[in-house]
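**Q** Per the working numbering, the sequence shown starts with residue 548, numbered consecutively. We put the beta carbon where it would ideally sit given N, CA and C, even for glycine. These figures come from a predicted structure and were not determined experimentally.
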Amino acid sequence: MGFHLVRLAACLGAIGLATAALPAGAGEIKVFSAEAPRDALEHVAAQFEKTTGHKITFEFMTAGQVRGKIDAGENADLAVASSGVIAEMVKSGKAGDATNLGRIGLAMAVRDDAPSPDISTTEKFVAVLRAAKSVSFTDPAAGGTAGLYFFGLLEKLGVADDVKKKAVFSKGGRDAAQKVASGAAEVGITFPSEIAPIKGAKVGGMLPPEVQNYVIYAAVIPAKAANAEIARAFVAALIAQQSREGWTAAGFEPLGGK
548 MGFHLVRLAA
558 CLGAIGLATA
568 ALPAGAGEIK
578 VFSAEAPRDA
588 LEHVAAQFEK
598 TTGHKITFEF
608 MTAGQVRGKI
618 DAGENADLAV
628 ASSGVIAEMV
638 KSGKAGDATN
648 LGRIGLAMAV
658 RDDAPSPDIS
668 TTEKFVAVLR
678 AAKSVSFTDP
688 AAGGTAGLYF
698 FGLLEKLGVA
708 DDVKKKAVFS
718 KGGRDAAQKV
728 ASGAAEVGIT
738 FPSEIAPIKG
748 AKVGGMLPPE
758 VQNYVIYAAV
768 IPAKAANAEI
778 ARAFVAALIA
788 QQSREGWTAA
798 GFEPLGGK
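1. Does the beta-carbon distance from Ala723 to Thr685 come in below 8 Å?
2. Verify whether the separation of the beta carbon atoms of Asp586 and Pro744 is less than 8 Å.
3. Please determine, among Arg650, Met636, Phe781, the residue with the shortest C-alpha to C-alpha distance to Ser740.
4. Over what stretch of residues does the beta strand (DSSP E) that includes Pro801 continue unbroken?
5. What residue does the beta strand (DSSP E) around Ala587 start on, and which one ends it?
6. As an exercise, report each continuous beta strand (DSSP E) stretch of at least 3 residues that is fully enclosed by the segment 604 to 645, in chain order.
7. Which class does Pro664 belong to by DSSP, given the choice of helix, strand or coil?
8. At the level of alpha carbons, what is the spacing between Lys811 and Lys713?
9. Keeping to the same chain, check which residues put their C-beta closer than 8 Å to that of Pro755; ignore five residues upstream and five downstream.
10. Return the CA-CA distance between Ser594 and Lys703, expressed in angstroms with no decimal places.
11. Using only the alpha-carbon positions, how far apart do Ile633 and Val727 sit?
12. Put Leu648 into one of helix, strand or coil per three-state DSSP.
13. Based on Cα-Cα distance, which residue from Thr737, Gly730, Leu676 lies nearest to Gly691?
14. Short of 6 Å in beta carbon distance, which residues of its chain neighbour Arg791, apart from the five on each side in sequence? Order them along the chain.
15. Is Ala765 helix, strand or coil by DSSP?
16. Here's a check: name, in chain order, each residue in its chain whose Cβ is nearer than 7 Å to the Cβ of Gly804, leaving out the five neighbours to either side.
17. For a minimum of 4 consecutive residues, which ranges assigned as the alpha helix (DSSP H) are wholly contained in the segment 682 to 738?
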């Protein structure tokens with residue numbers, strides 16, 4: 548799987564097929580989204596806006612913050628987050644049925660001029676964590692999916708105390724990768740889709756299979772959405788066949804609603 552993002556205009560050229568049943572006149576929707584699928588969402592949105600005349604405004608944050616905003620009654624026409632968070636929103640009655648977009652695993656970020664570490668097994672992964680001078684990941688208190696999982700994984704691997712001493716907490720996955728790029732942290736743990744856009748950082752490797760955590764990201768229309776019809780059309784564009792290459796380029800396995 549390649550992790551360097553590519554331009555998606557060509558592969559999204561036919562997305563208009565997925566937006567045939569649109570309301571008359573141009574409208575606007577607000578999307579609350581976790582950071583991991585940001586690049587795929589923005590590229591599909593650009594073509595969607597061009598094809599339909601509608602406007603999409605994004606607010607990117609952690610998955611936990613997406614849930615918090617919806618729970619607090621803030622207005623949004625679409626929410627995108629990890630499937631567990633989305634399921635909680637649906638169960639609470641604050642949103643309708645969810646649509647799966649894609650799944651992605653966790654990776655280690657290193658500076659782009661540094662050698663890629665061997666983290667192919669759990670033992671080697673632990674050794675790299677122990678040897679690193681500093682490790683960046685999303686502050687679990689922020690509710691980020693990658694940060695919460697990694698924090699729990701440290702306990703299971705028996706290295707929590709060691710890594711906590713040299714942890715460099717970030718506000719999100721891109722911030723974790725940025726801290727690696729700037730030299731504030733030697734390595735970082737987040738999704739490859741959040742590492743690739745950061746100049747000065749690269750994907751050093753995916754977590755070993757036995758401790759990997761694949762996360763499904765899904766979209767849901769909040770119960771109080773003001774422009775649900777446009778939001779549904781945008782979701783259709785996100786899972787259209789023409790969008791699959793874009794999800795793959797961002798490091799995701801596209802699920803197309805499944």
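**A** Inspection of the coordinates gives the following:
1. yes
2. yes
3. Arg650
4. 800 to 804
5. Counting along the chain, Ala587 falls outside any beta strand (DSSP E), though it belongs to the alpha helix (DSSP H) covering 585 to 599.
6. 625 to 629
7. coil
8. Limits of the chain in this structure are 548 at one end and 805 at the other, which puts residue 811 out of reach.
9. Ile666, Ser667, Thr668, Thr669, Lys671, Phe672
10. Reading the sequence as shown, one finds Gln at residue 594 and not Ser. So the two alpha carbons sit approximately 44 Å from each other.
11. 30 Å
12. strand
13. Thr737
14. Pro801
15. strand
16. Thr646, Asn647, Ile786
17. 692 to 704, 707 to 711, 720 to 729
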